[in-house]
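Worksheet: the structure to be examined is printed underneath.
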Amino acid sequence: MKTAFVVHVGENKDALEAKLRSIGEMGFMGVELVLVSPEETDIDRLRLLCDAAHLEIAAISTDGAVICDGLSLTSPEEEVRQAAQERLLSFVELGAKLKCPVTVGALLGTGLTDEWVRTVADGEKHEEAEAWCIAGLEKAAAKLSKNGCPRLLLQPLNRYETQVVNTVDDGLALLEKLNNPRVKLLLDTFHMNIEEANIALAISRAGRHIGLIHLIDNNRHALGSGHMDFKTIIRALRRAGYDGFAVGSDISEYSLAQSAEETLKAMVSLELWISQSQRKQKFNDKRGDGR
Numbered sequence: 062m063k064t065a066f067v068v069h070v071g072e073n074k075d076a077l078e079a080k081l082r083s084i085g086e087m088g089f090m091g092v093e094l095v096l097v098s099p100e101e102t103d104i105d106r107l108r109l110l111c112d113a114a115h116l117e118i119a120a121i122s123t124d125g126a127v128i129c130d131g132l133s134l135t136s137p138e139e140e141v142r143q144a145a146q147e148r149l150l151s152f153v154e155l156g157a158k159l160k161c162p163v164t165v166g167a168l169l170g171t172g173l174t175d176e177w178v179r180t181v182a183d184g185e186k187h188e189e190a191e192a193w194c195i196a197g198l199e200k201a202a203a204k205l206s207k208n209g210c211p212r213l214l215l216q217p218l219n220r221y222e223t224q225v226v227n228t229v230d231d232g233l234a235l236l237e238k239l240n241n242p243r244v245k246l247l248l249d250t251f252h253m254n255i256e257e258a259n260i261a262l263a264i265s266r267a268g269r270h271i272g273l274i275h276l277i278d279n280n281r282h283a284l285g286s287g288h289m290d291f292k293t294i295i296r297a298l299r300r301a302g303y304d305g306f307a308v309g310s311d312i313s314e315y316s317l318a319q320s321a322e323e324t325l326k327a328m329v330s331l332e333l334w335i336s337q338s339q340r341k342q343k344f345n346d347k348r349g350d351g352r
């Protein structure tokens, strides 16, 4: 597996450059970028900054569209749903340009203050929300093969954040309805710790449908800061044949550098880390292959 860390792309371009340089110098191989709007993103500069830090773009996340603009594919307001669909399509276009997957988590439907989202688990409302979700995803999935975006990755979230897709089995059921081999799952151990009776077995069921893994501890802080059994999780991922990016993240009050350092220490203990020279060689090899 390859190591990566989540970085939020804000308005401060100098801060972004420093963040990317920092995690690159630590030895991470990739970065997952959280964006608000692709239209407002300087794609060429973003690519140059990642290349300079010897970081592959593991994925781009649509979560910023929810955090900053409140968009949702399952909002009861048609205008909001339409805006979410259009934003998702713009992310797919960006994924094609950067040659990386697009992750869809909170955009599927989230928001603790939204009465609709808290009650979609009930009968007709859930069916209606699911129909809206599928409609939005189908449009994005149809665009994958046309514009060259590698994959769309759907992230199950815990029951306190959404009632649309909570478990691996929910995600697999959604993949079956979408019926597109380029749509896979993003598994997140923080959410799995809440929803799955057995994380290793859930990973086994997901199998070839795993497109990305977030390794985040039970307290939603850096890998290794809580009580989760990541050795068993890594073994399950390897048995499932997953060899893509293992992405770390942390929502604590610590700086990105401190959180990333703690994550990398844990990744070293799990034998997910490689040396700086190996990392740069792999990066250059990939760039040389044109992938």
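Take any residue in the sequence shown, note its place counting from 1, add 61, and you have its number in the numbering used here. For each residue, glycine too, the CB sits at the ideal point set by N, CA and C. Just so it is clear, the structure is predicted and the values come from calculations on it, not from any experiment.
Closest residue to residue 103 among 132, 120, 119, 70 (Cα-Cα distance) = Ranking 132, 120, 119, 70 by CA distance to the CA of residue 103 puts 70 first.
Per-residue burial, residue 282 [other beta carbons within 10 Å of its own, 16 or more giving buried] = By the 10 Å Cβ count, residue 282 comes out buried.
Return the CA-CA distance between residue 267 and residue 331, expressed in angstroms with no decimal places.
-> Taking the straight line joining both Cα atoms gives about 21 Å.
Please work out which residues of its chain come closer than 8 Å, Cβ to Cβ, to residue 145, disregarding the five sequence neighbours upstream and downstream, and give them in chain order.
-> The beta carbon of residue 145 sits closer than 8 Å to those of 126, 132, 133, 134, 136, 168, 197, all from its chain and outside the five residues before and after it, given in chain order.
Expected contact under 8 Å - CB spacing of residue 163 and residue 121 to nearest Å = Rounded, the Cβ-Cβ distance is 6 Å, consistent with contact.
Do you know how far the Cα of residue 259 is from the Cα of residue 100?
-> Cα to Cα, residue 100 sits roughly 40 Å from residue 259.
Secondary structure, alpha helix (DSSP H): runs of 4+ residues fully inside the region 175-245 = Unbroken alpha helix (DSSP H) runs of no fewer than 4 residues, entirely contained in the region 175-245, are found at 176-180, 184-208, 229-239, following chain order.
When you compare only the Cα positions, how much space is there between residue 324 and residue 78?
-> Cα to Cα, residue 324 sits roughly 20 Å from residue 78.
Secondary structure of residue 295, DSSP reduced to three states | The answer is helix: DSSP assigns residue 295 an H, G or I state.
Three-pair Cβ contact test at 8 Å for the region 229-244 versus the region 288-298 = By the Cβ rule, the region 229-244 does not count as touching the region 288-298, because fewer than three pairs are nearer than 8 Å.
Quickly, what does DSSP pair residue 120 with across the bridge? List them, please.
-> The partner list for residue 120 (beta bridge, DSSP) reads 93.
Report yes or no: do three or more beta-carbon pairs, one from the region 231-238 and one from the region 105-113, lie closer than 8 Å?
-> Counting Cβ pairs under 8 Å, fewer than three are found: no touch.
Who are the near neighbours of residue 254 in its chain, counting only those whose CB is closer than 8 Å to its CB and skipping five residues on each side?
-> Excluding positions up to five away in sequence, the list reads 260, 279, 289.
What are the boundary residues of the beta strand (DSSP E) that residue 160 is part of?
-> Per DSSP, residue 160 lies in no beta strand (DSSP E) segment and is marked neither H nor E.
Which residue's Cα is closest to the Cα of residue 309: 149, 190, 247, 170?
-> Distance from the Cα of residue 309 is smallest, within the candidate group 149, 190, 247, 170, for 247.
State the CB to CB distance for the pair residue 119 and residue 81, rounded to an integer number of angstroms; the pair is presumed to be in contact (CB under 8 Å).
-> Their Cβ separation, rounded to whole angstroms, is 13 Å, which puts residue 119 and residue 81 out of contact at 8 Å.
Between which two residues does the alpha helix (DSSP H) carrying residue 252 extend?
-> It spans 250-256 - the alpha helix (DSSP H) in which residue 252 sits, taken as one unbroken run.
Tell me where the alpha helix (DSSP H) around residue 271 begins and ends.
-> Segment 271-275 is the beta strand (DSSP E) holding residue 271; no alpha helix (DSSP H) there.
Three-way DSSP call (helix, strand, coil) for residue 114 in this model = Residue 114: coil per DSSP, three-state reduction.
Thinking C-beta only, is residue 273 closer than 8 Å to residue 250?
-> Cβ distance not < 8 Å, so residue 250 and residue 273 don't count as in contact.
Less than 8 Å separating the beta-carbons of residue 150 and residue 207?
-> Not in contact: residue 150 and residue 207 (Cβ atoms no closer than 8 Å).
Determine the contact status of residue 271 and residue 297, defining contact as a CB-CB distance below 8 Å.
-> Cβ distance not < 8 Å, so residue 271 and residue 297 don't count as in contact.
Straight-line Cα distance separating residue 84 from residue 92 = Cα to Cα, the separation comes out at about 8 Å.
May I ask you to report which of helix, strand or coil DSSP gives residue 66?
-> Assignment of residue 66 by DSSP, reduced to helix, strand and coil, places it in the strand class.
Do residue 96 and residue 68 have their C-beta atoms closer together than 8 Å?
-> Cβ distance not < 8 Å, so residue 96 and residue 68 don't count as in contact.
Looking only at C-alpha atoms, which of 201, 130, 222, 138 sits nearest to residue 157?
-> Comparing Cα positions, the closest option is 201.
Cβ shell of residue 210 (< 6 Å), same chain only, five flanking positions each side left out | These residues qualify, in order along the chain: 153, 156, 157.
Would you kindly work out how many angstroms separate the C-alpha atoms of residue 245 and residue 227, rounded to a whole number?
-> C-alpha separation (whole angstroms): 15 Å.
Among 188, 74, 88, which residue has its Cα nearest to the Cα of residue 329?
-> For residue 329, the nearest C-alpha among the options comes from 88.
With a Cβ-Cβ cutoff of 8 Å, do residue 148 and residue 98 count as a contact?
-> Contact: yes.
Contacting residues, own chain, Cβ-Cβ under 6 Å from residue 220 (five flanking each side not counted) = Taking residue 220 as the centre and dropping the five residues before and after it, the same chain places the C-beta of 227 closer than 6 Å to its C-beta, in chain order.
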